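Asks: Going by my numbering, 166 is the number at position 153 of the first sequence; the sequence numbering is gapless. We treat Cβ as the ideally placed atom computed from N, Cα and C, and that holds for glycine. All values reported here derive from a predicted model rather than from experimental measurement. Handing you this structure, nothing more for now.
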Amino acid sequence: MPELPEVETIVQGLKIAVTQQKIEQVKIYDPKVAKMLAGEDITGRRIINIRRRGKYIIFELNKGLALIVHLRMSGRLLYQQHEPQSNRWVRTVIKLDNGFLIFQDRRRLGVMEASCFSDLNCRLGVEPLSPEFNSDYLVQKLAVSKRPIKVFLMDQTIIAGIGNIYAQEILFAAGIHPQRQAVSLSNNEIERLVEAIKNVLMLAIRHQGTTISDFQNADAIEGNFQNLLKVYGRENEPCLVCQTPIKRIKQQGRSTYFCERCQK
DNA sequence: CCGCCAGCCTGAAGGC
DNA sequence: TGCCTTCAGGCTGGCG
Numbered sequence: 014m015p016e017l018p019e020v021e022t023i024v025q026g027l028k029i030a031v032t033q034q035k036i037e038q039v040k041i042y043d044p045k046v047a048k049m050l051a052g053e054d055i056t057g058r059r060i061i062n063i064r065r066r067g068k069y070i071i072f073e074l075n076k077g078l079a080l081i082v083h084l085r086m087s088g089r090l091l092y093q094q095h096e097p098q099s100n101r102w103v104r105t106v107i108k109l110d111n112g113f114l115i116f117q118d119r120r121r122l123g124v125m126e127a128s129c130f131s132d133l134n135c136r137l138g139v140e141p142l143s144p145e146f147n148s149d150y151l152v153q154k155l156a157v158s159k160r161p162i163k164v165f166l167m168d169q170t171i172i173a174g175i176g177n178i179y180a181q182e183i184l185f186a187a188g189i190h191p192q193r194q195a196v197s198l199s200n201n202e203i204e205r206l207v208e209a210i211k212n213v214l215m216l217a218i219r220h221q222g223t224t225i226s227d228f229q230n231a232d233a234i235e236g237n238f239q240n241l242l243k244v245y246g247r248e249n250e251p252c253l254v255c256q257t258p259i260k261r262i263k264q265q266g267r268s269t270y271f272c273e274r275c276q277k
């Protein structure tokens, strides 16, 4: 169930392993995936490159096609040398020259499809770690939004890759209350927010992402950013800065944890 | 146009 | 033990 840092970790882990390998066979065990892959036959194509866009994993294949994977809440992508024991969570097994790429998904919300990449790209906002994401960009987007800032940060058409955990960690780092209206942020707060977004995401990538319940990277290695979480999952525990108990509220049906003293 | 919410799915955990 | 509710790192379509 990954956000940007977890997806980035998976992509980096797969890069050397799968680049230039040929897809020899595709075994689909889930009718939903079968439907998603029905349009194009990817067998016989070569993986030219693998990269991340937002929370999407993109395998660029030859002849202009891409295999696009989104893990949603419970998906995993693994690479191993031997064919996996099939179990009820294995949705797809892709046999490459030298190993097996396995798509597992407990809740079956994930997406695996073969298509061209351009329509996906124009649905997504900027990459938060790119130079195009800066306070000028954010000022312009915040000015027209009355939504709570936490909900705003999770809007993939504005910034691609931030989800429920990192939105909260970012707002804590920036000292901004999650219920503040987007449009109400001052220039100073916007600067802090841009800094926090870049810093939190980069730090999380350095720590190979957050592992709670079942995130693993492509080699089934766990990340360790969960040890550095300051608010997420810490209801009633003391704030690491001021000792005030961390509060939990709901925003659009999802939990938000924050410190009401540090975040104004 | 904008913001919100149910629905998509399944499994784990907690309350009674 | 069993049943019921709630919750889970996401996104989409449809509604007001």
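Let me know if Gly67 comes out buried or exposed under the rule of 16 or more other beta-carbons within 10 Å of its beta-carbon.
Replies: buried
Asks: Using DSSP with H/G/I as helix, E/B as strand and the rest coil, what is Lys263?
Replies: strand
Asks: Any contact between the segment 84 to 97 and the segment 51 to 61? By contact I mean 3 or more CB pairs, one from each, below 8 Å.
Replies: no
Asks: Does DSSP put Val157 in a helix, a strand or coil?
Replies: The answer is coil: DSSP assigns Val157 none of H, G, I, E or B.
Asks: Starting from Ile225 and walking both ways along the alpha helix (DSSP H), at which residues does that stretch end?
Replies: Counting along the chain, Ile225 falls outside any alpha helix (DSSP H), and DSSP gives it neither H nor E.
Asks: Measuring CA to CA, which of Glu248, Ile234, Leu253, Asn249 is closest to Leu241?
Replies: Leu253
Asks: Here's a check: name, in chain order, each residue in its chain whose Cβ is nearer than 7 Å to the Cβ of Arg247, leaving out the five neighbours to either side.
Replies: Ile259, Tyr270
Asks: Of the choices Gln153, Lys76, Ile70, whose alpha-carbon is the least far from that of Arg85?
Replies: Ile70
Asks: What whole-angstrom Cβ distance do Ile203 and Leu137 have, given they're in contact under 8 Å?
Replies: Not quite, the Cβ-Cβ distance comes to about 21 Å (not below 8 Å), so this is no contact.
Asks: Quick check on DSSP: helix, strand or coil for Ile234?
Replies: coil
Asks: Enumerate, from N- to C-terminal direction, the unbroken beta strand (DSSP E) stretches of 3 or more residues contained entirely within the segment 19 to 67.
Replies: 36 to 41, 60 to 66
Asks: Less than 9 Å between the C-beta atoms of Leu216 and Leu17, yes or no?
Replies: no
Asks: Output the distance between the C-alpha atoms of Lys363 and Glu250, rounded to the nearest integer angstrom.
Replies: Lying before the first or after the last residue shown, residue 363 is absent from the chain, which here runs from 14 to 277.
Asks: Rank Gln194, His220, Gly188, Arg160 by C-alpha distance to the C-alpha of Val207 and give the top, closest one.
Replies: Gly188
Asks: Using the beta-carbon count (16 or more within 10 Å), is Glu182 buried or exposed?
Replies: buried
Asks: Determine the direct distance from the alpha carbon of Thr257 to that of Phe116, and round the result to whole angstroms.
Replies: 42 Å
Asks: Taking 9 Å as the threshold (C-beta atoms), are Val139 and Ile175 in contact?
Replies: For Ile175 and Val139, no; Cβs fall outside 9 Å.
Asks: What residue range does the beta strand (DSSP E) around Glu182 cover?
Replies: No beta strand (DSSP E) holds Glu182; the alpha helix (DSSP H) holding it covers 177 to 187.
Asks: When DSSP labels each residue in this structure, what does Tyr245 get in the three-state scheme?
Replies: coil
Asks: If you scan the segment 96 to 141 from start to end, which runs of the beta strand (DSSP E) of 3 or more residues do you find wholly inside it?
Replies: 103 to 109, 113 to 118, 124 to 128
Asks: Measure the alpha-carbon distance for Arg101 versus Asn201 and round it to whole angstroms.
Replies: 50 Å
Asks: Quick check: the segment 157 to 164 against the segment 119 to 131, are there 3 or more CB pairs under 8 Å?
Replies: Touching, no.
Asks: Could you spell out the range, first to last residue, of the alpha helix (DSSP H) harbouring Phe165?
Replies: 162 to 166
Asks: CB Phe146 to CB Lys48, shorter than 9 Å?
Replies: Going by beta carbons, Phe146 and Lys48 fall outside the 9 Å limit.
Asks: What residues are listed by DSSP as bridge partners for His83?
Replies: Tyr69, Val124
Asks: In the structure shown, what three-state DSSP assignment does Ile203 receive?
Replies: helix
Asks: Quick check: the Cα distance between Ser128 and Ile61, rounded to an integer number of angstroms?
Replies: 15 Å
Asks: When DSSP labels each residue in this structure, what does Ile172 get in the three-state scheme?
Replies: strand
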